[in-house]
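Read through the structure below, which is laid out as structure tokens, and then see the notes.
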Amino acid sequence: ISSPSLRTFVIKSKGCYKYCKNIYKLPPRNEYATSTGPKAALAEAVKVAEENTEATVPCPQAQALDSDVLDTHPNVKTGAIDSSPPLLFLRQSGKVVDLAGLSKDAKEFSLLHLRSEGNLVDLQPTHAAQSRREEPHPTASGPQWHRREIQLSRLPHYYMALSKIRLTALVVTTTVAGYAMAPGLLDPTVLLYATVGTALTSCAANAINQFLEVPYDSQMNRTKNRVLVRGILSPLHAFSFAVVSGTLGVSMLCGGVNGLTGALGAANLLLYTCCYTPLKRCSIVNTWVGSVVGAIPPMMGWAACTGYLDLGACVLGAILYSWQFPHFNALSWNLRPDYSRAGYRMMSVTHPALCRITALRHSVALLALCSVAAPLSGLTTWTFAVGSAPLNAYLVHRAWRFYSDADSASSRALFRLSLVYLPALILLMYVAKDRSKKKSTATKAKII
């Protein structure tokens with residue numbers, strides 16, 4: 001500590017308060033992870049305290065800062081000694097706080113600010129300590145609310161967090177992939193309407209999902225810092241954002257694209273918010289429902305290009321449907337403590353064996369869909385079956401490792417592979433797209 005005015009220090013050790021002449025810099029937090037650990041740091045502080053002791057107060061019963069022991073004991077001096085504040089070292093948190101609130105005769109004190117690394121920094125003189133002592137604490141009958149203030153410059157960031165922007169980007173990517181794989185001409189205007197409309201619809205679905213799950217998100221480490229859990233945005237604000245986004249998104253899909261695409265978007269919005277979200281706390285069927293939700297966006301892109309759905313669109317949707325299982329089951333495996341604490345009924349929590357076998361089963365299904373169904377339906381040529389075989393074989397291998405020896409390493413490896421697998425498969429699919437004008441009768445048949 002560079003300030004010469006810091007000359008007093010109070011440390012609680014072995015049930016006693018020790019009053020010291022000097023203040024010593026605390027070790028940073030990252031040093032707590034060393035072999036010495038916090039015990040050595042505390043022992044060093046206690047040693048310094050014993051060498052520089054002026055008074056010792058035996059008070060094993062004192063556990064809180066509001067104790068009057070320091071004020072009443074005759075051997076302890078409190079208040080400003082040589083214009084410096086007495087400080088208290090808290091063993092559990094490793095922090096140092098001022099004892100201004102414990103002194104009856106104090107006139108001026110300095111507040112000590114502690115940075116995240118645990119160093120003593122930034123002494124700011126203030127006259128507010130005395131006034132803080134005199135302020136009454138809020139009671140049950142007093143006001144318990146505070147004004148929520150939103151920084152307008154941060155509002156786009158909050159909206160992106162509320163919309164789960166990375167998940168929305170994935171949904172938009174699969175929609176564009178469906179449009180690109182459809183046997184039709186590229187219309188930039190229609191593609192723009194389909195992309196923006198799908199993005200807004202996905203934003204609305206994710207916002208409603210967070211709106212409904214605030215009590216449960218607060219219990220999970222992965223979601224406890226979301227904007228609604230932290231109270232950055234009000235529930236009314238989030239719901240209003242979802243209503244506006246959903247209305248604009250479905251309107252753009254219906255008016256700027258076609259009715260079939262708009263109907264698929266609205267159905268997917270309802271399926272995600274009204275079926276998948278509540279099912280997460282009721283049944284493991286939620287995983288299958290969520291996979292259907294993930295399979296609809298590429299079919300929306302197909303319908304935006306052609307105005308109908310045929311066998312190729314169904315195969316494309318089936319590929320996205322099967323991809324959800326190795327992707328999500330591997331993700332949820334390492335999140336089991338969070339899901340269990342929040343009360344979610346996930347396969348990884350309630351049926352771990354089924355979770356592993358389902359991931360393997362659908363990895364094999366992806367191999368069959370890419371090698372046989374895609375070329376036979378006219379979605380791709382047979383080149384795609386050959387080109388995608390190594391990628392699918394590696395996915396099956398990773399799924400088998402996850403099934404046979406499920407741990408954090410195997411599940412994490414499968415999850416990371418699934419993130420690379422999908423864009424790589426879409427790229428291979430587009431390169432091997434069947435661009436011939438002649439289609440079989442089965443391929444031409446419209447399903448919807």
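Number 3 in UniProt numbering belongs to position 3 of the sequence shown; there are no gaps in the numbering. Glycine residues also receive a C-beta, built at the ideal position from the N, C-alpha and C atoms.
Report all residues from its chain with a CB closer than 7 Å to the CB of residue 275; omit the five preceding and five following residues, and keep chain order.
Hits under 7 Å: 289.
Give me the residue from 270, 312, 378 with the minimum Cα distance to residue 292.
Checking every option, the nearest Cα to that of residue 292 belongs to 270.
Can you tell me whether DSSP reads residue 277 as helix, strand or coil?
Of the three classes helix, strand and coil, the one that applies to residue 277 here is helix, per DSSP.
With C-beta atoms as the reference, is residue 265 less than 8 Å away from residue 255?
Contact flag unset, no.
Return the first residue and the last residue of the alpha helix (DSSP H) that residue 193 is part of.
First-last of the alpha helix (DSSP H) with residue 193: 188-212.
Residue 429 to residue 316, Cα distance in whole Å?
Using only the alpha carbons, I get a separation of about 10 Å.
Classify residue 389: buried if its beta carbon has 16 or more other beta carbons within 10 angstroms, exposed otherwise.
Exposed, because fewer than 16 other Cβ atoms sit within 10 Å of the Cβ of residue 389.
Using only the alpha-carbon positions, how far apart do residue 159 and residue 423 sit?
C-alpha separation (whole angstroms): 26 Å.
Using alpha carbons as the reference points, say which of 355, 391, 354 lies closest to residue 458.
This structure does not reach residue 458, given that the chain is present from 1 up to 448, and the question cannot be answered.
What's the C-alpha gap between residue 348 and residue 360?
Straight-line Cα distance between these residues: approximately 14 Å.
Helix, strand or coil for residue 380? Go by DSSP, reduced to three states.
Strand, per DSSP.
What three-state label does DSSP hand residue 432 in the structure shown?
Note: residue 432 maps to coil in three-state DSSP.
Need the endpoints of the alpha helix (DSSP H) that residue 223 sits in, please.
Neither: residue 223 is in no alpha helix (DSSP H) and is coded neither H nor E.
Can you check which of these residues, 279, 260, 342, is closest to residue 304 by C-alpha distance?
Ranking the options by Cα distance to residue 304, first place goes to 260.
Mind checking residue 113: buried by the 16 CB within 10 Å criterion, or exposed?
In this predicted model, residue 113 has a pLDDT of only 38, less than 50, meaning its place in the structure is not dependable; the value taken from the coordinates is given anyway. Counting Cβ neighbours within 10 Å, residue 113 comes out exposed, since fewer than 16 surround it.
DSSP state of residue 230, grouped into three classes?
The answer is coil: DSSP assigns residue 230 none of H, G, I, E or B.
Contact between the segment 298-314 and the segment 392-408 is defined here as three or more beta-carbon pairs at a separation below 8 Å; is this criterion met?
The answer is no - the segment 392-408 does not touch the segment 298-314, with fewer than three Cβ pairs under 8 Å.
Among the candidates 302, 242, 374, whose CA atom is the shortest distance from the CA of residue 433?
Per the Cα distances, 374.
Would residue 210 pass as a contact of residue 342 if the rule is Cβ separation under 8 Å?
Taking 8 Å as the Cβ cut-off, residue 210 and residue 342 do not qualify as a contacting pair.
Where residue 246 and residue 377 are concerned, what is the direct C-alpha to C-alpha distance, given to the nearest angstrom?
Answer to the nearest angstrom: the Cα atoms are 34 Å apart.
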